[in-house]
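> After the structure tokens below, expect a handful of questions from me.
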Amino acid sequence: MDQTYGSASIGTNMAMRFEEKLLHHTISNMNEKSLAIDIGCGTGRHTVELAGLFQKTIGYDFSRGMIDIADEKRGGAGGKETVRRRIPCP
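Residue numbers (my numbering): 311 to 400.
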């Protein structure tokens with residue numbers, strides 16, 4: 311599943327575009343943009359978006375596979391500091 315998570319259907323792509331527009335609209339009204347934390351970051355789609363808007367981003371997820379894919383996307387963060395961490399699962 312980790313490998314196919316990012317290849318979404320048309321309906322899901324529309325939802326993803328809506329999420330991104332909502333995210334950008336919400337963040338554009340913020341004054342402080344030093345740190346963003348993405349809990350449940352999955353493959354890092356939002357983490358990379360946030361990295362373009364904040365000084366530092368941290369993404370957390372339970373899945374090692376999702377974190378590995380997110381780490382591959384790190385280059386899309388425009389050289390800004392991004393960190394991804396796996397949340398230990400009991």
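Each residue gets a CB set at the ideal place from its N, CA and C atoms; glycine is no exception.
1) Mapping DSSP to helix, strand and coil, what is L345?
2) Just the C-alpha distance for N323 and E330, rounded to the nearest angstrom, thanks.
3) Can you give me the C-alpha to C-alpha distance between F328 and H334, rounded to a whole angstrom?
4) Could you check the C-alpha separation between I349 and F372 for me, to the nearest Å?
5) Can you tell which of M326, I379 and Y370 has its C-alpha closest to the C-alpha of I347?
6) Keeping to the same chain, check which residues put their C-beta closer than 6 Å to that of I337; ignore five residues upstream and five downstream.
7) For R374, count the other beta carbons within 10 Å of its own beta carbon; 16 or more makes it buried, fewer makes it exposed. Which is it?
8) Could you spell out the range, first to last residue, of the alpha helix (DSSP H) harbouring T357?
In short, the structure shows the following:
1) Locating residue 345 in the sequence shown gives position 35, where the first residue counts as 1. Three-state result, L345: strand.
2) As a working mapping, residue 323 is identified with position 13 in the sequence shown. As a working mapping, residue 330 is identified with position 20 in the sequence shown. If I take the Cα positions, the gap works out to 11 Å.
3) One-based indexing of the sequence shown puts residue 328 at position 18. One-based indexing of the sequence shown puts residue 334 at position 24. One C-alpha to the other measures close to 10 Å.
4) Looking up residue 349 in the sequence shown gives position 39. Looking up residue 372 in the sequence shown gives position 62. Roughly 10 Å separates the two Cα atoms.
5) The count along the sequence shown starts at 1 and reaches residue 347 at position 37. It is Y370 whose Cα lies nearest to the Cα of I347.
6) Counting from 1 along the sequence shown, the entry for residue 337 is found at position 27. Answer for I337: L363, listed in chain order.
7) Against the sequence shown, residue 374 aligns to sequence position 64. Answer is exposed; the Cβ neighbour count stays below 16.
8) Here residue 357 refers to the residue found at position 47 when the sequence shown is read from its first residue. It spans R355 to A361 - the alpha helix (DSSP H) in which T357 sits, taken as one unbroken run.
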